[in-house]
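See structure below.
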Amino acid sequence: MTHAYVGKLLRVDLGRRQTRTEPLDRELARLFIGGRGLATKLFSNEVDPNIDPLHPANKLILAAGPLTGTAAPCGSRFMVVTKGPLTGAIASSNCGGDFGPELKYAGYDLIVFDGVAKEPTVLVIDDGKAELRPAADLWGRNVHETEDILHDQLGRDFKFVSIGPAGEKLVRFAAIINDKSRAAGRSGVGAVLGSKKVKAVAVRGTGGLTAADPAGFRTTCLDVLDKLKNGAVTGTGLPRFGTAILVNVINEHGAFPTHNFQQGQFAGAEKISGETIAQQILVRNRACMSCPIACGRVTAIASGPYRSHGEGPEYETIWALGAAVGVSDLAAATKANYICNQLGLDTISAGATIACAMELVEKGVLTEQEIGFPLRFGDGEALVRLMTQIGYREGFGDVLAEGGARLAAKYGRPDLFMGVKKLEFPAYDPRGILGMGLQYATSNRGACHVRGYMVSAEILGVPMKMDPHTTAGKAAVNIAFQNLTAAVDSAGMCLFATFSIGAPELAALLKTATGFDYDVDELLQAGDRIWNLEKLFNLRAGFSRADDTLPPRLLHEPMPAGPAAGKTVPLTEMLDEYYRLRGWDDQGRPTPEKLAALHL
Amino acid sequence: MPKTLLVDPDKCTSCRLCELVCSGRNADAFQPARAHVRVTIHVDEAFYFPRVCLQCDDAPCIDACPCEALVRDPRTNAVVILHDKCNDCRACEAACPYGAIRCWDDRAWKCALCDGEPECVRFCAPQALRFESADSWPAAARQAYSDRLRELVQEARP
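Order-wise, the sequence lines are chains W and B.
This note's numbering puts the first residue of the first sequence at 1015, with every later residue one more than the last.
This note's numbering puts the first residue of the second sequence at 263, with every later residue one more than the last.
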């Protein structure tokens, strides 16, 4: 374990205020790679699946992968694994920036938090030395203030993850933010850190990482770099227009969910597109560490009531704070994005929950008296106002802080929640991209696009073009994407690299970096193993086939207009095929033979 | 004419791949702390600035060394450190106004332009780092770069 990995994990017992270093298990590292996979293995070994996610015995793991912090292009990612407070399912939330690499230079591959601290706490790791410090002065501060104060106290070269007021107040979709504006956004991981009274983690290190085969690793890195530079998406589209380049693309396909999925095209799309963002508010690109794509957007709103600066919006964000809520005012949506970054909120769930509230108002089951002000689709001012209320759980924000599923249920219209397993959908209407319907239904963390990004094949034609309006072959491709993505996430690579590279390049990177003799088959089997392990956790937590579904709107209400007009999602046929190809029974339970083949 | 390592900070995207491949080649580890090129990043101001050795014509590090351990490589025009002569006195580190020399493992270390094929340049996707003939870096731009570099180094020193 001397190459690519640090070979150490840090256990933090918050109740006893103790930290302890453990060696990483080499066999487990090979089987589960690192990052998401290895963290899920540790987590499911150690945590009761039926525990309340906000109970002290829930654990939270920050996990870098073997490629994190090496020269592998796009290898900057870390994963947060815990049981999610929004879903009750296994949660994994991914992020880039500088934090993951610095964690490894500071001396650890993973940090496992257990218990709850008696008072607000910061974990400081300085070149292998871990220390828990009281942080009462930081509690209540937003993310930017927290990082600025910690920079002054500890030194400029520290890197941080932290939570904002949203995490402290247990907003069920609170994010963990690093490098000021990078979010491990989804599934409420910030609330779990908040429940443990951990305000921040600060890391700094002068350590280094080696490759098992330096010359082979260098050659592979150059190959990957050149493919990323020359790929249409990674070399031109994302650098120039950011992820929001998708706004016009998805809108033209009639799969851009508008007004809480009542429509599939947004009249104001052009005003919030990646092109418009680049033209009107982009200051500069910002790359995560080791990334030649640099899709991040440093932006500024130069004038008007929302004058401020920050990072974003990304595609999913400008959808959630734009089309989902009917807002075409780019400044208002961007301001709402900045608030999410500062208060520590998942932009997707926040916007989607507000969209749900807007439809509840439209349908007359939620009154504006209860909210305290008008809340109609398209009202950017109300969006900005509510976002702050959610982050601090003030006023009606306290109700919205529970997420869309609980909101819709509270007002007697659970059918108006747009999501799966209580996680809100991101920015694709599966009636226009049928494979995404299967992806949403089967994703282990709930409605999620980045665990098996069918848009890549169905819309972008990478690695091959599939018809978005048919179901043929979707189950097999979705499984292949899910398994590869599990391996990518576990390696510490960014998923966006897979627009230009595939399993052969990833296997070569991992083999030359770690010294494990990975090939494509072993890599994809590791992904399959990780996926099945997550599924087993969810089954033990009480999830069943009934949860692998979509809201009735997407199953039964035909898309009203646009290129996908008349479409619904024929989920059952795709799901049956998916279970069969996975080696699961008709209730979605892995068979004993399947588990044996995966060494689970 | 030997080529020079030319920096265009406006093209930098803050990815720090240069730091990783530099240390990978020159320190046998991916270890930014030991990279000869470092990127200053001020997130709030969207300020990214790769800091490199300028291989000064009139190099204060050469003058400061009591052991004659720093010499000019005539092939590349780089100032290189002869490690068998270095006694870790750190005079060169203190003399460099650009923060281009660091001491590790009882020796001083600096950029030697990878013997004429800088690894950082090979991996810099946005071409903020280039290796070109000295006259392709306009004097005014080079001066502005070195002035800003000196300021950054002074700000960072205790």
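For glycine and all other residues, C-beta sits at the position ideal for the given N, C-alpha and C.
These numbers come from a predicted model, not from an experiment.
| query | result |
| --- | --- |
| Enumerate, from N- to C-terminal direction, the unbroken beta strand (DSSP E) stretches of 3 or more residues contained entirely within the segment 1440 to 1470 of chain W. | none |
| Can you have a look at B/W366 and say buried or exposed, based on whether 16 or more other CB atoms are within 10 angstroms of its CB? | exposed |
| Mark W/L1024 as exposed unless 16 or more other C-beta atoms lie within 10 angstroms of its C-beta, in which case mark it buried. | buried |
| Quick check on B/W366: does DSSP put it in helix, strand or coil? | strand |
| Looking at W/T1082: is its Cβ nearer than 8 Å to the Cβ of W/G1102? | no |
| Assuming the contact rule is C-beta atoms closer than 8 Å, W/G1268 and W/A1527 should be a hit. Round their C-beta distance to whole Å, please. | In fact, because the Cβ distance is near 43 Å, the residues do not count as touching under 8 Å. |
| For a contact defined as C-beta to C-beta under 7 Å, what are the partners of B/F292 on chain W? | G1083, T1084, A1085, G1222, L1223 |
| Would you mind working out which of W/D1039, W/G1178, W/R1044 sits nearest W/L1612, comparing C-alpha positions? | W/R1044 |
| Is there a Cβ from chain B that is less than 8 Å from the Cβ of W/K1241? | no |
| For the segment 1304 to 1322 of chain W, which residues have a CB atom closer than 7 Å to at least one CB atom of chain B, in sequence order? | S1304, C1305, P1306, A1308, V1312 |
| Counting pairs of Cβ atoms below 8 Å between the segment 1461 to 1471 of chain W and the segment 1281 to 1298 of chain W, do you hit three or more? | no |
| State yes or no: is the beta carbon of B/G286 nearer than 8 Å to at least one beta carbon in chain W? | yes |
| Is the beta carbon of B/L267 closer than 8 Å to that of B/F393? | yes |
| In terms of residue numbering, what span does the beta strand (DSSP E) encompassing W/E1672 cover? | This structure cannot speak to residue 1672 of chain W, because chain W is shown only from 1015 to 1614. |
| Helix, strand or coil for W/M1401 per DSSP? | helix |
| Run through DSSP, which three-state label would W/H1323 get? | strand |
| Out of W/A1214, W/M1450, W/M1303, W/A1198, point me to the one whose CA is closest to W/I1264's CA. | W/M1450 |
| Mind checking whether W/A1489 and W/L1335 have CB atoms under 8 Å apart? | no |
| May I ask which residues mark the beginning and end of the beta strand (DSSP E) holding B/S276? | Counting along the chain, B/S276 falls outside any beta strand (DSSP E), and DSSP gives it neither H nor E. |
| Alpha carbon to alpha carbon, how far is W/S1457 from W/I1104? | 10 Å |
| With a threshold of 8 Å between beta-carbons, can B/R392 be considered close to chain A, or not? | Checking the listed chains, one finds no chain A in this structure; the protein chains it contains are W and B. |
| In chain B, which residues lie with their C-beta within 8 Å of the C-beta of W/Y1119? | Q293, P294, A295 |
| From what residue to what residue does the alpha helix (DSSP H) around W/G1219 run? | Run containing W/G1219: none; DSSP gives neither H nor E here. |
| What are the boundary residues of the beta strand (DSSP E) that W/Q1032 is part of? | 1032 to 1037 |
| Taking Cβ to Cβ, would you say W/H1323 is nearer than 8 Å to W/T1331? | no |
| Name the residues in the segment 1283 to 1307 of chain W whose C-beta lies less than 9 Å from a C-beta of chain B; which are they? | V1297, R1298, N1299, R1300, A1301, C1302, M1303, S1304, C1305, P1306, I1307 |
| The segment 361 to 374 of chain B: which residues have C-beta closer than 7 Å to a C-beta of chain W, in chain order? | none |
| List the residues of chain W whose Cβ lies closer than 7 Å to the Cβ of B/V283, in chain order. | A1085 |
| Take the Cβ of W/F1062 as the centre, count every other Cβ of all protein chains shown within 10 Å, and call the residue buried at 16 or more, exposed below. | Sequence inspection shows Asp at residue 1062 of chain W; the Phe mentioned does not correspond to that position. With fewer than 16 other Cβ atoms within 10 Å, it is exposed. |
| Examine chain B for any beta-carbon lying closer than 8 Å to the beta-carbon of W/K1424, and answer yes or no. | no |
| With DSSP as the reference, please indicate the residues paired to W/Q1539 in a beta bridge. | W/Q1539 pairs with nothing; no bridge assigned. |
| So if I threshold CB-CB distances at 7 Å, which residues from the segment 1348 to 1361 of chain W count as touching chain B? | none |
| Would B/A308 pass as an interface residue toward chain W - the criterion being a Cβ-Cβ separation below 8 Å? | yes |
| Can you pull out the residues from the segment 268 to 282 of chain B whose beta carbon lies closer than 8 Å to at least one beta carbon of chain W? | T275, S276, C277, R278, L279, L282 |
| Report the rounded CA-to-CA distance for W/R1390 versus W/K1424, giving the unit in angstroms. | 19 Å |
| Quick one, are the C-beta atoms of W/G1199 and W/S1107 less than 8 Å apart? | yes |
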